[in-house]
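These notes are about the structure you will find just below.
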Amino acid sequence: MTKYDVFALGNALVDIQARVGDAILSELELDKGVMTLVDDDRQAAVLKAVDGTPLNRCAGGSAANTVVALADFGGSAAFLGKIGQDEIGDFFLDDMRKLGIGIDVEPTEGVRTGTCAILITEDAQRTMLTNLGASATLSDQDVTDDMIRQSKYVYVEGYLLPGDGTKQAAYRTMELAKQHGVKVAFTASDPFLVNMIRDEIWDLITGPVDLFFCNEEEAKSLTGEEDPIVAAGKIHEHCENVALTLGPKGSIIMHGGEAFPIEGVVVDAVDTTGAGDMYAGAMLYGITSGMNWRQAGHLASHAAARIVSQMGARLGQKFTAEEIESFGKLPV
1 MTKYDVFALG NALVDIQARV GDAILSELEL DKGVMTLVDD DRQAAVLKAV
51 DGTPLNRCAG GSAANTVVAL ADFGGSAAFL GKIGQDEIGD FFLDDMRKLG
101 IGIDVEPTEG VRTGTCAILI TEDAQRTMLT NLGASATLSD QDVTDDMIRQ
151 SKYVYVEGYL LPGDGTKQAA YRTMELAKQH GVKVAFTASD PFLVNMIRDE
201 IWDLITGPVD LFFCNEEEAK SLTGEEDPIV AAGKIHEHCE NVALTLGPKG
251 SIIMHGGEAF PIEGVVVDAV DTTGAGDMYA GAMLYGITSG MNWRQAGHLA
301 SHAAARIVSQ MGARLGQKFT AEEIESFGKL PV
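In terms of full-length UniProt numbering, the sequence shown has 208 at position 208, counting the first letter as 1, and numbering is strictly consecutive.
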């Protein structure tokens, strides 16, 4: 018997979202649409610049957003990430636990909880400044097999790989998953990351990873192919399952040697924050709750469309039980 559908490992960050004009980005000398790692002082300057602007705050980070999405659909999840001994860390824990997500971590003294300032412009582009804070202190010593062995899948975010300690935590999690017969899902996280550690990601795809999430740009960078279907097929030669997102054009699911094209859903995009995380959460919910891969792909596509039509990485209008059930009735 398993207790959790998914156990996720990732950076524990509190997302702070604000709608801003392009002038703010120019003033702060930021490149629109890019995620940048910043130190404490730089993050403080950014937050000061949006002081007085309506802010939305929630527990975040890529893997955390994914299990929040899964929990919103009715799935069971656990999460491991490091927080600081401060008010923001307490907020992160409370926010996750209110959603029913299992989380049991000791705060790190003397280090601030990580934050991600998300500046959203009128064209729905998001410019993110991430201060990893305590999340960067995650190590393999924090990883135990208690929650892992009770899960159907572990989900690991690629953002952990650049740091020595966080990388070891990621590898330890995948190692324990394999020891207990638990499936491993991994997300490429960012095209820049793929360009930086392409060989390492290939080693994971050909090794422990059972389900690989990526977007079109990441797949092209990884394979050198321009056609996303060809790229997905090339990855599938080495990985049992592939979910490749194509933005408004939908996605491609590779399973059992077959390609399942999934339609995009037309919406007015307001904020692209968390679209990929939502897609992964809905997909993982689908395949751990009895849907086939095509059905799970359709659910994930609709979920990603709904999240970009609103502000923030949390669903304002959640899917009803009837809506979710309808995806499980789609033709095989």
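Backbone N, C-alpha and C define an ideal beta-carbon position, used for all residues, glycine too. All values derive from a computational prediction rather than experimental measurement.
DSSP, read as helix, strand or coil, puts asparagine 11 in coil.
Rounded to the nearest angstrom, the gap between the Cα atoms of asparagine 131 and valine 34 is 14 Å. Inter-segment contact for the stretch 273–280 and the stretch 305–324 is present: three or more beta-carbon pairs are separated by less than 8 Å.
The three-state reading of DSSP puts lysine 82 in coil, since its state is none of H, G, I, E or B.
Out of Val267, Val266, Asp271 and Asp210, the CA that lies nearest to the CA of alanine 243 is found in Asp210. Beta-bridge annotation (DSSP): asparagine 56 is paired with Gln17. For methionine 174, the enclosing alpha helix (DSSP H) stretches over residues 164–179. Per DSSP, asparagine 195 is one residue of the alpha helix (DSSP H) stretching across 191–196. Partner residues in the beta bridge of tyrosine 153, as assigned by DSSP, are Val6 and Lys183.
Nearest C-alpha to alanine 269 among Gln317, Arg57, Glu122 and Asp104: Glu122. Taking C-beta separations shorter than 6 Å and ignoring five residues to either side along the sequence, the partners of isoleucine 103 in its chain run Phe79 and Met96, following chain order. Restricting attention to Phe327, Lys3, Arg198 and Gly274, the CA atom closest to the CA of serine 221 is found in Arg198. A Cβ-Cβ contact shorter than 8 Å links valine 50 with valine 20.
Taking C-beta atoms as the reference points, arginine 126 and threonine 245 fail to come closer than 8 Å. DSSP links asparagine 65 through a beta bridge to no other residue. Under DSSP, valine 46 forms no beta bridge with any residue. Bounds of the beta strand (DSSP E) holding proline 261 are 258–262. Residue range 114–120 is occupied by the beta strand (DSSP E) that includes alanine 117, with no alpha helix (DSSP H) assigned at that position.
With 16 or more other Cβ atoms from the protein chains shown falling within 10 Å of its own Cβ, glycine 286 counts as buried. In the DSSP annotation of this structure, the continuous segment of the alpha helix (DSSP H) that includes valine 230 starts and ends at 228–236. The C-alpha of isoleucine 205 is placed about 29 Å away from the C-alpha of isoleucine 83. Contact annotation: isoleucine 101 and alanine 63 have beta-carbon atoms that are not nearer than 8 Å. In this structure, alanine 59 keeps its C-beta atom at 8 Å or more from the C-beta atom of valine 105. Rounded to the nearest angstrom, the gap between the Cα atoms of arginine 112 and aspartate 90 is 11 Å.
Phenylalanine 327: member of the alpha helix (DSSP H) spanning 321–327, first to last residue. By the beta-carbon neighbour count (other beta carbons within 10 angstroms, threshold 16), lysine 32 is exposed.
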